[in-house]
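Residue 251 in full-length UniProt numbering sits at position 251 of the sequence shown, and the numbers go up by one each step.
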Amino acid sequence: MSERLDITSASSFSSRLSSRGPDTPESIVFARRLNVVITGGSSGIGKAIVEEFAREGHRVLFTYLRNIDGVAALRSKFAHVTAVRLDQGDENSVSEFVAETKVWLEDSEVPHVDVIVNNAALGSATVDSYCGKGATEFEKDTALMRVNSLGPLWVSRGLIPLRKQEERTVVVFVGSVGGGSAAVFPEYHAADLMSKAAVAYLSKHLAADNVHSNVDIFCISPGATETEMFQKSTLNQLNDPDGFIAGMPKGVLISPTHVAENIFYLSTSPASKIFHGAVIDASMGLAVRPGLQTESRRC
């Protein structure tokens, strides 16, 4: 099922841009509202990305699986977002989602997908609720690989063709410091981090395929981020979560808003083209000192 909401008018969007300062890059880049598709947009980093683009007046379609409350919260803030249910570990669900996205694009000023953010993923704790009570380790491993690695492949394969050859399309993969760097975190499910490593490879593979096209592809790999997923997988397992956070790089968790702001830059600035094919370490130093997390968990 999908949720369709009214889109802000073009004149309203133009007014938003004209009110920005002359030195603001966005006021130069945006000749029109962008069509932005974000998977896993109802919470955490995905929610922050939805908010970042929606605040600027762009058309946003985001997916969710079960988080109806998160969808309602975004609907109450923004009248120009569309929510579509997606289980990206299910091939039929992905096919239906691509078809709905195509219809959504046809309602826009230019029926072209400008930005695709592959953010939806399972974690070492959230896989339990996805698989259900009593799931075996085999079933959890399979779910992690299907949702986290095959899902973004299927979504990208379906959405990238929904573009106009002469227009720029940006595809951003949200990976993880675990799998997106050389750091090893043995406290998590092996399949979890294997799937995140696959995301980093997928971004490079698609970048190689599109080295001569108007498609720019990046992977950003955040570290320990202040999300419900990290709360469940890590903080809830600790006796002293405050002490753990104090020992992390810079003494804080990464803000989802900061990740979203950087993804907004990658997606909208012409200068970001030089990062095509890059897997960007956004771990605040955790990738080079993973022991700050791994060893601190023993406290």
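We put the CB at the ideal spot given by N, CA and C, even for glycine.
Extent of the continuous beta strand (DSSP E) to which residue i belongs
i	result
Arg59	Arg59 to Tyr64
Arg146	Neither: Arg146 is in no beta strand (DSSP E) and is coded neither H nor E.
Ser85	Reading off the sequence shown, one finds Arg at residue 85, where the question assumed Ser. Counting along the chain, the beta strand (DSSP E) containing Arg85 begins and ends at Val81 to Arg85.
Ala282	Val279 to Ala282
Val37	Asn35 to Ile38
Residue j beta carbon less than 8 angstroms from that of residue i
i	j	result
Ser156	Val199	no
Val184	Ile220	no
Ser124	Ser233	yes
Leu105	His112	yes
Gly227	Ala120	Correcting the residue type first, residue 227 is Thr in the shown sequence and not Gly. No; because the gap between Cβ atoms is not below 8 angstroms, this pair is not in contact.
Arg168	Asp216	yes
Lys196	Ser213	no
Pro249	Leu292	yes
Thr101	Leu162	yes
Glu52	Phe264	yes
Leu266	Val170	yes
Lys47	Leu65	no
Gly57	Arg33	yes
Glu166	Thr294	no
Phe218	Val172	yes
Phe30	Ala54	no
Residue i - containing alpha helix (DSSP H), residue span
i	result
Ile45	Gly44 to Arg55
Val71	Ile68 to Lys77
Leu292	Gly291 to Thr294
Supposed contact pair residue j and residue i - C-beta distance, whole angstroms, cut 8 angstroms
i	j	result
Leu286	Ala224	6 angstroms
Leu153	Val127	Their Cβ separation, rounded to whole angstroms, is 19 angstroms, which puts Leu153 and Val127 out of contact at 8 angstroms.
Val36	Val94	Between Val94 and Val36 the Cβ distance is about 18 angstroms, and since that is not below 8 angstroms, they are no contact.
Val84	Gly180	That belief does not hold up - the Cβ atoms of Val84 and Gly180 are roughly 27 angstroms apart, past 8 angstroms.
Gln88	Gly151	3 angstroms
Pro222	Ile49	With a Cβ gap of about 12 angstroms, Pro222 and Ile49 do not count as contacting.
Val117	Val71	About 17 angstroms; that fails the 8 angstroms criterion.
Gly158	Val98	4 angstroms
Lys204	Gly277	6 angstroms
- Query: Is it a yes or a no for the region 132 to 146 touching the region 54 to 65, going by three-plus beta-carbon pairs under 8 angstroms?
  - Reply: Fewer than three pairs of CB atoms, one per stretch, sit closer than 8 angstroms, so the region 132 to 146 makes no contact with the region 54 to 65.
- At 4 residues or longer, and completely inside the region 145 to 230: list those alpha helix (DSSP H) runs for me, N to C. Listed in chain order, the complete alpha helix (DSSP H) runs (minimum 4 residues) inside the region 145 to 230 are 151 to 159, 177 to 180 and 190 to 209.
- Ordered list of alpha helix (DSSP H) runs contained in the region 227 to 258, each at least 4 residues: Runs found: 228 to 233 and 241 to 246.
- Message: Suppose only complete runs of 3+ residues qualify. What are the beta strand (DSSP E) ranges in the region 88 to 129, listed by chain order?
- Response: Within the region 88 to 129, the complete beta strand (DSSP E) segments at least 3 residues long are 115 to 118, listed from N- to C-terminus.
- Task: Evaluate the contact criterion for the region 176 to 192 versus the region 244 to 253: three or more CB pairs, one atom per stretch, below 8 angstroms.
- Result: Remark: fewer than three beta-carbon pairs, one from each stretch, lie closer than 8 angstroms, so the region 176 to 192 and the region 244 to 253 are not flagged as touching.
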